[in-house]
Every structure is written in C-alpha cells, then in structure tokens.
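**Q** In this note's numbering, the protein residues as written are 1 to 397.
Beta carbons are placed, not taken as given, at the ideal position from N, Cα and C, and that holds for glycine.
I am attaching a structure below and will ask some questions about it afterwards.
What follows is the structure in structure tokens.
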C-alpha cells in the first residue's frame, strides 16, 4: 500500500487533531497545552523516542530510527498569533485574542500524521536511518533576547548531525492539490529599523525660530522610499516600509523629536547589507537640515534558502503520489520564516501547500477570517513522509 493510501485511512484523525489545536491556540513561547497534547498523541504511537523541552520549555522532538543511515528532519511550528478570530466555525478559537491565523495548527497536525505513517512503516524496513520530527515553538515572535524558536533549537543541538530538513507551509492563495516550490532564496530576510530625529522644537506660530523634526522627516521619507526604485537593481528583491511615526502632542507646539519605525525585506545577503547602508545614507540629510538623528537596524530571521537537490526530492515525491498535482515554480513572497535559520546551517527546503477554500473570497494568512481546506492534509503528510524516506535512500528517480 502506498504512503498516500495509508494516510487516507486516518484523514479524519488529522482533521480532528487540527481542529482541537485550533480551538486552543497559544502564543509564542507559551505553547504548554499544545505541546502536552502533541506529546500525548505521539506516546500512543510505536517506535518513537520523544524528548520534551530541548532548547525551549515547549519543544517536542520525536525520533524514529531504523538503524545506521542518514538523519533527516521534518519540522512544524506550533504557535499562534495575537488576533481575535472571526470565522464563526464550530472549532473557532476559545482563547480570546489568540488565533491560529497562519496555519501552524495544520502544520502540527500534518507532522503528527507523518509521525504516524512513518512509525507504522518501521517494521517494513522502508528506509535505513533516522527521521527527526521537530515540533517547534515560537516561529511568529521573538523573546527579550531577540530570538525565536529555531535559533534556540539550533543552539541546543537539535539539528546536529541532521543532513537534510523539510518543512511545509499552508498556502491559502492556491487550491488543494497545488504546490509552490522554489529553488534558492524563497522568503525574505526580515529586519527592522528605528530612528529618531532630534531638533529644537518651538512655538507653532513661529517656525522660523526653531528647527522642526517633522519637516526634516518629510524630506527624509521620499529618499527612504526611493532606495528600492533608484538604488536597487530591478531584478533584485527588496522592500522598505514605514509602519509607525510618532511625534508631538499639541497643535501649537513644534516637537523636539520625531521617531519612525519600519521593516526592511530582502532576499540575498548582498542586498540586505546594501539596504542598511542606503538607509544610513538617506538619514544623513538630517544634518544638513539642522538636526541630529539616531538610527538602529535590528536584524531578524534570515532569508529562507531552499536547497535545489532537496526540492528535486519533493518534486519526485509529488509525482510518485499523484501525477496530476499542479506544481508552481515561484518564490513565496516577502514574508519571513524562521526556518531560514535552519536553511543557513544545513540543506533544507520548505514548500507551500495549497489549501484555499472554494468560497469566492480570500482567507489570507494573518487575518481574522483565515481558514483552510482540510482535504489538503493528506497530501501534505504524504509528501513529507515520502520526501524523508527518499532522502534517507539518497536517490531520486
């Protein structure tokens, strides 16, 4: 029996797991109930060694070994977002202001499905080696040290001796039965900048007697927005967006300072460095306008780099499962993904799994109405399991 057919036998269980997780979402580094439930489900399976709290208190690492051979990792994230759900489904979030709006509940259920099918296959000797199932907390947010879940697991040695890592992400802009796969850089470096412009401030009726940080910022902004269109090659990927401006507290007072915060997105290390340099260059015009400034750039998760060889394994697994699946070869956009830390350290890849509901309107990621077509789960489980087995054999047909 094929892996896909084996997964079909417990499709209802996958949906049940996902809905239970969806009802009780937890924020980054707070996934205590989630990890306990994951542990309970894994403990009911055979041939699995389970570790809890490696790197972070809520991580779960499940290992299936069939002897000497390569070590391959499959990873899913478990945390939710600070969003009030508005789906009105029977399995809607029971935790006010917290929602699985990025599909991590589905990722977790799918990895549990992969654990089940792989553990069932141990006695068939379908592969030789070790498969690690990594249930990772805190993909969405960083702690006070500026770290999300992946760096902690890397520091704790979870990925030591792992030769390849696979992951998936739900894709609500593609239908079930469709995939996005991309070689090379596929999601963005995610950096933040914060700047303060200092001036003298003064009476709003006598602007000539003061220096005005708001006016200075109004001249900085066109330069900032012009970096992408005039300083970065059109073939490169980059974004600079301002998300917050703060200044003043009265109509008749020119403030003494203005602050601004935003995000910087890029794909390659070279463009990442260039955007930071260009940002500093633009802010230097404040000096010529009579002000001072302080600019800080904080680097977040690195760009996701998909290993081309591992992508070939995924494509082969897809063809083995169902030849009529639509595979789209395109990058995933300017969003960020902390699996990028893993792809910096070892060969890794992530594919996007189509899951759009056929309703005629969008249920995008990170929105209060996000929801998915649960019939996509079987395909996700089968691809992960087939890809892991194929990598242990180190062959592609």
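Got a sec, what are the start and stop residues for the beta strand (DSSP E) residue 305 sits in?
**A** Taken as a continuous stretch (DSSP letters only), the beta strand (DSSP E) holding residue 305 covers 304–306.
**Q** To the nearest whole angstrom, what separates the beta carbons of residue 166 and residue 388, a pair I think is in contact under 8 angstroms?
**A** With 8 angstroms as the limit, residue 166 and residue 388 qualify as a contact, their Cβ atoms being about 6 angstroms apart.
**Q** Where do the N-terminal and C-terminal ends of the beta strand (DSSP E) with residue 45 fall, by residue?
**A** Run containing residue 45: none; DSSP gives neither H nor E here.
**Q** Where in the region 331–397 do unbroken runs of the beta strand (DSSP E), each at least 3 residues long, occur, reported from the N-terminal end onward?
**A** Fully enclosed beta strand (DSSP E) runs of 3 or longer: 348–356.
**Q** Does the beta-carbon distance from residue 180 to residue 330 come in below 8 angstroms?
**A** Yes, Cβ-Cβ distance for residue 180 and residue 330 is below 8 angstroms.
**Q** So, under 8 angstroms CB-CB, residue 353 and residue 169 are touching, yes? Tell me the CB distance rounded to an integer number of Å.
**A** Contact flag correct, Cβ pair sits at about 7 angstroms.
**Q** From residue 71 to residue 63, what does the alpha carbon distance come to, in whole angstroms?
**A** Rounded to whole angstroms, residue 71 to residue 63 spans 10 angstroms at the Cα level.
**Q** Just mark residue 356 as buried or exposed, buried being the case when its beta carbon has 16 or more other beta carbons within 10 Å.
**A** Buried is the call here.
**Q** Apart from the five residues on each side of it in sequence, which residues of its chain come closer than 7 angstroms, Cβ to Cβ, to residue 87?
**A** Answer for residue 87: 369, 371, listed in chain order.
**Q** Along the chain, where does the beta strand (DSSP E) that runs through residue 259 open and close?
**A** Residues 257–266.
**Q** Buried or exposed for residue 397, please, with buried defined as at least 16 other CB atoms from any protein chain shown within 10 angstroms of its CB.
**A** Confidence is the limiting factor: at residue 397 the pLDDT is only 48, short of 50, which leaves the residue's position unreliable and the question unanswerable from this model.
**Q** Closer than 6 angstroms by C-beta to residue 289: which residues in its own chain qualify, once you throw out the five before and the five after it? Chain order, please.
**A** 216.
**Q** According to DSSP, residue 167 sits in a beta bridge with which residue or residues?
**A** Partner(s): 75, 350.
**Q** According to the Cβ coordinates, are residue 109 and residue 219 closer than 8 angstroms?
**A** Going by C-beta atoms, residue 109 is not nearer than 8 angstroms to residue 219.
**Q** Alpha carbons only, please: which of 99, 66, 112 is nearest the one belonging to residue 89?
**A** Comparing Cα-Cα distances from residue 89 to each of 99, 66, 112, the minimum goes to 99.
**Q** With residue 329 as the anchor, note down where its beta strand (DSSP E) starts and where it stops.
**A** From DSSP, the beta strand (DSSP E) with residue 329 extends over 326–329.
**Q** On the three-state DSSP scale, how would you describe residue 273?
**A** Residue 273: helix per DSSP, three-state reduction.
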